[in-house]
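Residue numbers (our numbering): 19 to 117. We put the CB at the ideal spot given by N, CA and C, even for glycine. For clarity, every value in this text was computed on a predicted model and none was experimentally measured.
Encoded structure:
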């Protein structure tokens with residue numbers, strides 16, 4: 019299911035997630051399990067209205083690369099589902115502000 023914010027729905031197919039090993043507390047688990055998430059959202063190729071795309075790129079700043087892809091990292095939690103939810107919540111908040 020995609021993210022829905024401010025009446026704008028981001029289809030799941032427009033989100034790309036990559037799970038990587040996190041650093042920090044967690045004991046041996048941190049070295050074995052990919053709990054951190056890197057959420058990628060291609061703003062330029064998305065279904066967002068053009069004016070929202072422009073505001074989103076401006077709001078996101080350095081998190082948007084030259085390729086127009088917004089990257090949000092989350093590694094503050096010890097579980098993959100929590101980090102995934104945190105990254106999606108950050109994206110939803112950015113889109114809400116841009117809308």
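(message) Tell me the DSSP secondary structure of residue 19 in three-state form.
(response) Position 1 of the chain shown, counted from the start, is the residue given in the question as residue 19. Here the model assigns residue 19 a pLDDT of 37, short of 50, so the residue's position is not dependable, and the following value carries that caveat. The answer is coil: DSSP assigns residue 19 none of H, G, I, E or B.
(message) Looking at residue 82: is its Cβ nearer than 8 Å to the Cβ of residue 113?
(response) Position 64 of the chain shown, counted from the first residue, corresponds to residue 82. Position 95 of the chain shown, counted from the first residue, corresponds to residue 113. Their beta carbons are not under 8 Å apart, which means residue 82 does not touch residue 113 by this criterion.
(request) Go ahead and label residue 92 buried or exposed: buried means 16 or more other beta carbons lie within 10 angstroms of its beta carbon, across all protein chains shown. (result) In the chain shown, counting from the first residue as 1, residue 92 sits at position 74. Buried is the label assigned to residue 92, since at least 16 other Cβ atoms lie within 10 Å of its Cβ.
(request) Please classify residue 33: does DSSP put it in a helix, a strand, or coil? (result) Along the chain shown, read from residue 1 onward, the residue named residue 33 stands at position 15. Strand.
(message) Beta-carbon within less than 6 Å of residue 116's beta-carbon, same chain only, minus the 5 sequence neighbours each way: which residues are those?
(response) As a first step, residue 116 must be located in the chain shown, where it is residue number 98. Taken in chain order, the residues that qualify are 70, 73, 74, 77.
(message) Less than 6 Å between C-beta atoms, sequence neighbours within five positions excluded: which residues of the same chain meet that for residue 105?
(response) In the chain shown, counting from the first residue as 1, residue 105 sits at position 87. 55, 57, 90, 92.
(request) Assign residue 27 to one of three DSSP states: helix, strand, or coil. (result) The residue given as residue 27 occupies position 9 in the chain shown. Three-state DSSP puts residue 27 in a strand.
(request) Starting from the Cα of residue 109, find the closest Cα among 80, 94, 96, 59 and give me that residue. (result) Position 91 of the chain shown, counting from 1, holds the residue named residue 109. Out of 80, 94, 96, 59, the CA that lies nearest to the CA of residue 109 is found in 59.
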